[in-house]
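Below you'll find the structure, written out as structure tokens, and then a few comments.
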Amino acid sequence: ALLHDFLLLLRRLLGVNRAAIFLRKPPRSLTEAFYAAEDRSLRAACASGLPPNLLEHFELSLEAGIGGFVHRYGRILVHDAEEALADAEIHKEFELLGAQVAVPILDRESFVGVALFDGRLTGEPISYEELALVFHLLEALGLAIKNGWLHDQLAAGHAMMADVLGQLSGGCVVVSRDLSIL
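All residue numbers for the sequence shown refer to the numbering used here, where the first residue is -12 and numbers rise by one.
Written out as structure tokens, the structure is:
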């Protein structure tokens, strides 16, 4: 709900009709590498102005297209930039999503996802200063997302340990460094 509210606020701030946020899959446990090598796609986390059935079946790849470019370079991509025009996959994804700009979502250490925005309702371009501000706002969002994922992992680990200990009337549980029960 907070992610959707944040997206609506950004959408209103920029004056755009369509906006979407695609995120990496969160790690399953505290011991899993935060962004596992096998996780090579971005899934729609929330959107506004786009058909829900499109986003249910659409993912961005970290290998190619918009996701690949933004992941590789960590910078904003505009639909009519030289890099976008030279890559058919990027062009196709921009057209399919009706987006004009892709902004990376970073957590200061790593790539969390990408936010896509349409052009302004008035037809005016989004200024570079505004895009820089959005980039920094999304960086704060990336930190919040990562912290939320860490909280969920800690809560799940705590619930599991409480369940195990609740079933014992007496005994000893040995836990390894990677938090697995030995």
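Beta carbons: idealized from backbone N, C-alpha and C, even for Gly. If you're wondering where the values come from, they're calculated on a predicted model, not measured in any experiment.
{"Asked": "Pick from E70, H66, D105 that is closest to V3, judged by C-alpha positions", "Found": "D105"}
{"Asked": "Inter-stretch contact at 8 Å, needing at least 3 Cβ pairs: the stretch 50 to 57 / the stretch 78 to 95", "Found": "yes"}
{"Asked": "G100 and F(-7) closer than 8 Å at C-beta", "Found": "no"}
{"Asked": "Of the residues A31, S167, L47, the one placed nearest N40, counting alpha carbons only", "Found": "A31"}
{"Asked": "Spatial distance of L(-3) from L166 (CA atoms)", "Found": "39 Å"}
{"Asked": "Residue span of the beta strand (DSSP E) that contains A51, given as start and end", "Found": "A51 -> no beta strand (DSSP E), and no H or E assigned at all."}
{"Asked": "Where H44 falls, given that 16 or more other Cβ within 10 Å makes a residue buried", "Found": "exposed"}
{"Asked": "Whole-angstrom distance between E116 and D26, CA atom to CA atom", "Found": "33 Å"}
{"Asked": "Cβ pair E34, A6 closer than 8 Å", "Found": "It should be pointed out that residue 34 corresponds to Ala in this sequence rather than to Glu. Going by C-beta atoms, A34 is nearer than 8 Å to A6."}
{"Asked": "C-alpha gap between E50 and R11, whole angstroms", "Found": "13 Å"}
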